[in-house]
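**Q**
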Amino acid sequence: MTTSFTRLAAAAGIAILAATAMTGCSMMGAGGGGSAASLPNALTARMDQPGAVLDRRAAIELINSYRGTRGVAPLSSDTGLDGTAQALANQYAQTGNAPATPQGLVVMKLSAGYSTIADTFSGWRNSPADAAGLAAQASKAGIAVAFNASSGYGVYWVLVLGN
């Protein structure tokens, strides 16, 4: 009984954190002017500097929280897809051209110019086509970011979903 209660309490805590993050994201980006102070540091860490490290786990958790609101199963993080996403993000940052979707992927979402995963997620969520992609029938995800100070947008994001 105690174990079930502990699991239920932990799940409720995660749901509250996710809802808070998603609400905060809806106020950010696209001229929202909301405060990032209410979001976890992992979601607001700036990627527009050399050596910045994306918290992939937190990014996938944010996406999974959104998927939960759409009644879609959560994604598991996949190191192979992370590698694919990183290679594509690096290419995107170096060329400034959107990479082609590799064969075998269910979805690839791109973004450029946003400095945090919270802002990037908000951009995807607020675009009907990108929001549909976030809720696509897939089981695994990889996400990456690349920074190129001499490029037009500076920060380039790639999310890939697969099975």
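According to mature numbering (1 follows the signal peptide of the UniProt record, and there is no 0), the stretch in the sequence shown is residues -23 to -1, 1 to 140, in order.
By construction, the Cβ of each residue, glycine as well, lies at the ideal position given by its N, Cα and C atoms.
Here the structure is a predicted model, which is why all the values come from computation and not from measurement.
Buried or exposed: residue 144, going by 16 or more other Cβ atoms within 10 Å of its Cβ?
**A** Residue 144 lies beyond the stretch modelled for the chain, which goes from -23 to 140, so this question has no answer here.
**Q** Our contact map puts GLY119 next to ASP55 with C-beta atoms below 8 Å; I'd like the distance itself, whole angstroms only.
**A** Looking up residue 119 in the sequence shown gives position 142. Looking up residue 55 in the sequence shown gives position 78. Rounded, the Cβ-Cβ distance is 5 Å, consistent with contact.
**Q** With a CB to CB cut of under 6 Å and the five nearest residues on each side skipped, what residues in its chain are close to ASP107?
**A** Taking the sequence shown and counting its residues from 1, one reaches residue 107 at position 130. These residues qualify, in order along the chain: LYS86, TRP101.
**Q** Could you spell out the range, first to last residue, of the beta strand (DSSP E) harbouring SER88?
**A** Counting from 1 along the sequence shown, the entry for residue 88 is found at position 111. Counting along the chain, the beta strand (DSSP E) containing SER88 begins and ends at 84 to 89.
**Q** Enumerate in chain order the residues of its own chain whose CB-to-CB distance from ALA113 is below 7 Å, with the five nearest sequence positions on each side excluded.
**A** Working through the sequence shown from its first residue, we reach residue 113 at position 136. For ALA113, where only same-chain residues beyond five positions count, the Cβ hits under 7 Å are VAL83, VAL84, LEU138.
**Q** Return helix, strand or coil for ALA113, following the three-state DSSP convention.
**A** The residue you call residue 113 lines up with position 136 of the sequence shown. Coil at ALA113, not helix or strand.
**Q** Using the Cβ count rule (16 or more neighbours within 10 Å means buried), how would you classify ARG47?
**A** Position 70 of the sequence shown, counted from the start, is the residue given in the question as residue 47. Burial call: exposed.
**Q** What are the start and end residues of the alpha helix (DSSP H) that includes LEU16?
**A** Residue mapping note: residue 16 aligns to position 39 of the sequence shown, counting from 1. Run containing LEU16: none; DSSP gives neither H nor E here.
**Q** Can you give me the start and stop residues for the alpha helix (DSSP H) that LEU58 sits inside?
**A** Along the sequence shown, one-based indexing puts residue 58 at 81. Segment 56 to 72, the alpha helix (DSSP H) holding LEU58.
**Q** Relative to the C-alpha of ASN103, which candidate in ALA115, SER88, LYS117 has its C-alpha closest?
**A** Start at 1 with the first residue of the sequence shown, and residue 103 comes out as number 126. Minimum Cα distance to ASN103 is reached at SER88.
**Q** Using the C-alpha atoms, what's the distance from GLY73 back to GLY28?
**A** Translated into the one-based positions of the sequence shown, residue 28 becomes position 51. Translated into the one-based positions of the sequence shown, residue 73 becomes position 96. The alpha-carbon atoms of GLY28 and GLY73 are separated by roughly 20 Å.
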